[in-house]
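In this note's numbering, the protein residues as written are 180 to 687.
Backbone N, C-alpha and C define an ideal beta-carbon position, used for all residues, glycine too.
Source: prediction; values computed, not measured.
To start, the structure itself, in structure tokens.
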Amino acid sequence: MTIHIKSCNWGGINLGSIEFYSPNVELLEQLSHGKLHGAWWKDYYQPFALLIVDKQKGKTQLIRDHLGQEPFFYYFNDDELIVASSIPEIIEQLGTPTVINRQEIINTLASSYLIIDKYSDETHYQSILRVEPGAVLTIVNQKIIKHKYWELSAECPKIYYRNDADYLEHFNELIHEGVRIMLPDNHMSIAAEFSGGLDSSTVISALRQNHVDPHLFIHTSLKQNDSDESFKAHEVIKHYGLSKVTQVNADKFYLEDVLQKCARVFAGMPHYLFPIGANNVHEAVSNTGHKVLFSGFGGDECVSGHALMRFTLRECLGNNYFSNALNELQQSYVVNGKPIPSQIRLIFTLLTSRFPFLSVSKRTIKELPLRLQHFIHGIIVQPDSSQIEKSVAHFEASLISGYNSRHVRLRIEDSALIGKSYGFSYRYPLLYPKLLEYCNRLPLHMKRRNGINRLIVRNYLSQFLPLSVYQKHDKSGAIMPATVEKMTSEYLDGKYNILFESIPYDKP
180 MTIHIKSCNW GGINLGSIEF YSPNVELLEQ LSHGKLHGAW WKDYYQPFAL LIVDKQKGKT
240 QLIRDHLGQE PFFYYFNDDE LIVASSIPEI IEQLGTPTVI NRQEIINTLA SSYLIIDKYS
300 DETHYQSILR VEPGAVLTIV NQKIIKHKYW ELSAECPKIY YRNDADYLEH FNELIHEGVR
360 IMLPDNHMSI AAEFSGGLDS STVISALRQN HVDPHLFIHT SLKQNDSDES FKAHEVIKHY
420 GLSKVTQVNA DKFYLEDVLQ KCARVFAGMP HYLFPIGANN VHEAVSNTGH KVLFSGFGGD
480 ECVSGHALMR FTLRECLGNN YFSNALNELQ QSYVVNGKPI PSQIRLIFTL LTSRFPFLSV
540 SKRTIKELPL RLQHFIHGII VQPDSSQIEK SVAHFEASLI SGYNSRHVRL RIEDSALIGK
600 SYGFSYRYPL LYPKLLEYCN RLPLHMKRRN GINRLIVRNY LSQFLPLSVY QKHDKSGAIM
660 PATVEKMTSE YLDGKYNILF ESIPYDKP
């Protein structure tokens, strides 16, 4: 049976009996000139979506980049395949009423409240799916077969070097390589989100080491408080002598206008608040004509991961390093300026970290009424990942490309869609696949030592910046303080009481 294929606003080329369709012009040019061979997508680190139709073999393939930086949606029903870079384009092609995917909407609305981060190919509409990042979908005889060509695997052997300097040297090579790959030909068109935190400071430092002077955009709070970290950025700006800096507040942020725009871009709501709360920055970047926006997003999940205490202890104890676990636990209190608990309390913490079920019973009983309500209303609560992952590396892999990757993948997807609507694209140096693979394989002592975490990133920054920048241990800031403050204030004032009645959901 022949499949009728529609690609929405994608370019295409024919090479013999094989057809290629993609929204990425440069990729099609490389294919047409025979520059890409075999399973080239495994080592191709630019955002891309690609449809390959092999008429001779009767095979169709849908392929998406490693992290999903290029949106890729599809509709497949018997003999019809529609592919597009956005859901509204598919809805327009279908020409028939679309059916809401109720469970996915519940997951989106409850994701922060219930910590639902399980990734799914499903969207807010039934029958419209996304191609999973790092995957190849093959359609043969009306059946879809998925093959993941890339995922972060915690089962790879650890990397051990003789001294810390070797780890840092390898890190330098990879982060600078990643930035070079992501740079456009015109360095003048480069912008960067900047808060002054470790991740954004790392991105700025890597850009500077590649002789790039980015235009910085800083989301500034309406008032100085714990959610505004912009004051920390000034030291970095001064150190590097950066002159192109734009402070962005919420004076021109109007929630109704932003929601209307999101309804058009997403055919409904985004998966996370970010496209809404960062609208002021996106507007500013667009107004200045920048085409590429660098971001430190994704660092927390692996490259500058926090090596959370429960996973650190579980990994140490799983390897019978009891003294290491006890020392790390004690030092974490010292570093954070807190009194060290009694030995009994410390031992209890170690036991519950090694055997999580010991601490579940009391909490589970307390949550029974709430979980019963969730069950009645059809809300599926995913298990706590702390009951599953056995090490820091396993937890990182889960966040990047595994069970708990919903946040990373859909935040990237949402940002790509909203960025395209403003005429720019995001770049994430801390999510460069080769850098992720390296950092995930680092031994635990290069992720956390003597109560200090995020070690490899701190070591990187120590080469360029003052101690006060890379020695921060708190994480009190917010990524979009001004807009969240304004939305909170207006909500409390009753301004939004009738707002949502006029927001379309299922109209592109």
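Item	Value
Which listed residue (185, 354, 267, 307) has its alpha carbon closest to that of residue 618	354
At least 3 beta-carbon pairs within less than 8 Å: the region 303–321 vs the region 232–244	yes
Residue from 348, 448, 459 whose Cα sits closest to the Cα of residue 425	459
Residue 384 versus 447, 621, 420, residue with shortest Cα-Cα distance	420
Inter-stretch contact at 8 Å, needing at least 3 Cβ pairs: the region 593–604 / the region 444–453	yes
Three-state class that DSSP yields for residue 311 in the structure shown	coil
Between the CA atoms of residue 494 and residue 394 - distance to the nearest angstrom	41 Å
Stretch pair the region 377–391 + the region 356–366: three plus CB contacts closer than 8 Å	yes
Cα-Cα separation, residue 332 to residue 669	45 Å
Rounded C-alpha distance that separates residue 621 from residue 338	6 Å
Cβ contact check for the region 483–502 and the region 526–534: 3 or more pairs under 8 Å	yes
Given residue 334 as reference, the closest of 568, 641, 189 once Cα atoms are compared	568
Close-in-space but distant-in-sequence residues of the same chain around residue 627 (CB under 7 Å, 5 per side omitted)	486, 491, 507, 634
Sequence-distant residues of the same chain with beta carbon closer than 6 Å to residue 284, five excluded per side	303
Inter-stretch contact (C-beta, 8 Å, three-pair minimum) for the region 512–529 and the region 469–482	no
Cβ contact (3+ pairs, closer than 8 Å) linking the region 187–197 and the region 208–216	yes
Segments of 3+ residues assigned as beta strand (DSSP E) that fall wholly inside the region 337–405	369–372, 394–398
Residues of its chain near residue 510, where Cβ-Cβ distance is below 6 Å and the 5 sequence neighbours each way are ignored	629, 630
Start-to-end residues for the beta strand (DSSP E) that takes in residue 605	604–606
Proximal residues to residue 412 (C-beta, below 7 Å), its chain only, five neighbours per side dropped	373, 374, 375, 397
Enclosing alpha helix (DSSP H) for residue 491 [first to last residue]	488–497
Length of the line joining the Cα atoms of residue 439 and residue 187	23 Å
Contact check, residue 427 vs residue 380, beta carbons under 8 Å	no
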